[in-house]
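Student: Numbering (the working numbering), first residue to last: 136 to 765.
Heads up, the beta-carbon is just placed ideally off N, CA and C, and yes, glycines get one too.
Predicted model, so just to flag it, every value in this text is computed and none were measured.
Quick one: this structure, given as structure tokens, is what I'll be asking you about.
This is how it looks when you write it as structure tokens:
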């Protein structure tokens, strides 16, 4: 993932843009942007013209003004030669990475505006003349915004969802009233009600696909989507507030429109200041506003200290695309995708639905080819580098393997009063005590689950054959009898490797995996949780489960780094080849680690490694992913 950070602020009556990439390293000098007050007002007026006319005008009549404002915004940021060169170089790196199989590689443009007036500009409409494309249409460029904090403040934020443990708690409000015009009490102009059946089906499908272990939802729908109920629910424990419905301009301010609590359902405005107060004291860390022109609300909420992200919409959000966008975002969230990936998944679904079709809006026909989609998602975040579900291991030298003194200790633990049997002793001595060095890396907190692998199969161009139990129906997979939160098994070594490359990572080496499982800077343990085996903390043959269990079942077995499910349940593929001593025909085999639900307890020691044929689909072998850090 490449990041270019633009910091825009007023200095001495000039607009100054500083460019930083990678984060914390300034590239070149600050650049003065030629953006006078008149030019700013012109850009702002064009934005309002587009937002107003998009519901009533053929796209071909709007493309020119959209492209005009997009070119100006692009030039505003890329005007200095060294900045545009940086942009082109980073974009080329992303394209190269995607060609190599990392289909989640992106270029993230991070725009920090220290004055609200610059936040109001539609940066998502940026148009790259060389690529002849709106950046918001790209599947590998993502634009982020952040409030105008200092660079230091931005990086002090906790990475969103790094400490999140399923289920993801969603508070979903689907407000669907018939709206009336509040501006003229003598003339009641009813606005068409959003149909909710698509959303009911959407969340039913998500609940069915994911199960209660991955996601929990509280719905406020129809006449329950009231002011009073929302205030009450925001006092509860939720991770995400997801609003689906109308937003509108009321007395010069943007409001969300809730139900009025009566069968008439004519709508009640919720002022952003009121909702901001409720969110300030809530546990919510991500706000998604799937409603028309909600960017102003997103701007206001982005300054709430504990929120790690806010998503609003530039322009209108049509019902034709909204459910698919929302489903893609939620599914990617539950899969612990990086922020840019779940937003791109949402955009891809919108593009897929719109395609080259003609859409009818009132009496107008729309040609949508090559246009920014109706609702362009605007993402506010303190950092575009959220990495969900990964834990960090710092570089250093670590002690791994088994010491001679460990053998007696293990024999006592596992009931061998006369010492370990010769065959077992000989086997353990194949992994002698030694030192190893590793570099900074991030490793999956859990093994890759069935739900995550399904997401990979549905969203990558990979030709990998799906594991047993994955059945394809149209463009999606069902899990025939498989638990979504259980680790994926029946995956060949290459199938695991492809997934990791798609995620921008790789399989860990056996040394890296062992260090992550049992080592810290100050201590090395026999097991992740300590030196004594505890049958309650892992799944082995003694548990008689006969199949992999949910990766979340043994949270008390976590180690120093909060990594879970390291022992038992499933072996895990590593990148390390089998250390051949006698049979050269096995040189292509790979090491697996961690033991499984079929293993005796002593063979779940993290120091033990077993050879496996990489082309075979084992019922008790899964994997997890690592990413090398700079």
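(1) So, helix, strand or coil for residue 378, using DSSP?
(2) With DSSP run on the structure shown, which of helix, strand or coil describes residue 515?
(3) By the DSSP assignment, the beta strand (DSSP E) with residue 407 in it spans what residues?
(4) Tell whether a beta-carbon distance below 9 angstroms holds between residue 623 and residue 515.
(5) What is the DSSP secondary structure of residue 254, reduced to helix, strand or coil?
(6) Alpha carbons only, please: which of 640, 603, 449 is nearest the one belonging to residue 183?
(7) Report yes if the C-beta distance between residue 282 and residue 209 is below 9 angstroms; otherwise report no.
(8) CB residue 83 to CB residue 642, shorter than 9 angstroms?
(9) Given a threshold of 16 other Cβ atoms within 10 Å of its Cβ, counted over all protein chains shown, does residue 220 qualify as buried or as exposed?
(10) Measure the C-alpha to C-alpha separation of residue 575 and residue 599 and round it to an integer number of angstroms.
(11) Just how far apart, CA to CA, sit residue 350 and residue 561?
(12) From the beta carbon of residue 597, is the nearest beta carbon of chain C less than 9 angstroms away?
(13) If contacts are defined as beta-carbon pairs under 8 angstroms, then residue 478 and residue 517 qualify, I think. What distance do you get, rounded to the angstrom?
(14) Assuming residue 154 contacts residue 218 (C-beta within less than 8 angstroms), just tell me the rounded distance between them.
(15) Using DSSP with H/G/I as helix, E/B as strand and the rest coil, what is residue 743?
(16) Please work out which residues of its chain come closer than 8 angstroms, Cβ to Cβ, to residue 659, disregarding the five sequence neighbours upstream and downstream, and give them in chain order.
(17) Return the Cβ separation of residue 469 and residue 303 in integer angstroms, given the expectation that the two are a contact with Cβ distance under 8 angstroms.
(18) Thinking residue 578 and residue 759 are a contact (beta carbons under 8 angstroms), I'd like their distance in whole angstroms, please.
(19) Taking residue 229 as part of the alpha helix (DSSP H), name the residues at either end of that continuous run.
(20) Run through DSSP, which three-state label would residue 724 get?
(21) Hey, would you say residue 255 sits closer than 9 angstroms to residue 434, going by beta carbons?
(22) With burial defined as no fewer than 16 other Cβ atoms inside 10 Å of the residue's Cβ, what is the status of residue 290: buried or exposed?
(23) Do three or more CB pairs link the segment 581-593 to the segment 687-700 at distances below 8 angstroms?
(24) In the DSSP assignment, find the alpha helix (DSSP H) that holds residue 632 and state where it starts and stops.
(25) Suppose the cutoff is 7 angstroms on Cβ atoms and the five residues either side in sequence are ignored; what does the same chain contact list for residue 635 look like?
(26) Say yes only if the C-beta of residue 645 is nearer than 8 angstroms to one or more non-hydrogen atoms of the ligand MN, and no if none qualify.
(27) Going by the DSSP bridge assignment, what does residue 708 pair with across the sheet?
(28) Take residue 249 as the anchor and find which of 144, 347, 262 has the nearest alpha-carbon.
(29) Assuming residue 351 is part of the beta strand (DSSP E), what are its boundary residues?
(30) Name the two residues that bound the continuous alpha helix (DSSP H) containing residue 343.
(31) Whole angstroms is fine: what's the gap from residue 343's alpha carbon to residue 422's?
(32) By the three-class DSSP mapping on this structure, what secondary structure does residue 558 have?
(33) Would you identify the three-state DSSP class for residue 263, choosing helix, strand or coil?
(34) Who are the near neighbours of residue 397 in its chain, counting only those whose CB is closer than 8 angstroms to its CB and skipping five residues on each side?
(35) Please identify the residue among 224, 738, 206 whose C-alpha is closest to the C-alpha of residue 558.
(36) How about the segment 360-379 and the segment 303-313: do they share at least three Cβ pairs that are nearer than 8 angstroms?
Tutor: Looking at the atomic coordinates:
(1) strand
(2) strand
(3) Per DSSP, residue 407 belongs to no beta strand (DSSP E); it is in the alpha helix (DSSP H), 407-415.
(4) no
(5) helix
(6) 449
(7) no
(8) The first residue shown for the chain is 136 and the last is 765, placing residue 83 beyond what the model contains.
(9) exposed
(10) 30 angstroms
(11) 46 angstroms
(12) Structure shown: chain C not included; a single protein chain is present.
(13) Contact doesn't hold; Cβ gap of about 16 angstroms is too wide.
(14) 5 angstroms
(15) coil
(16) 533, 534, 535, 653
(17) 6 angstroms
(18) 6 angstroms
(19) 216-234
(20) coil
(21) yes
(22) Confidence in residue 290 is poor, its pLDDT being 40 and thus under 50, which makes the residue's placement unreliable; the coordinate value appears in the next sentence. It is exposed - the Cβ of residue 290 has fewer than 16 other Cβ atoms within 10 Å.
(23) yes
(24) 628-637
(25) 641, 642, 760
(26) Here there are no bound small molecules, and the ligand MN is not part of this structure.
(27) 727
(28) 144
(29) 350-356
(30) 332-345
(31) 24 angstroms
(32) helix
(33) strand
(34) 358
(35) 738
(36) yes
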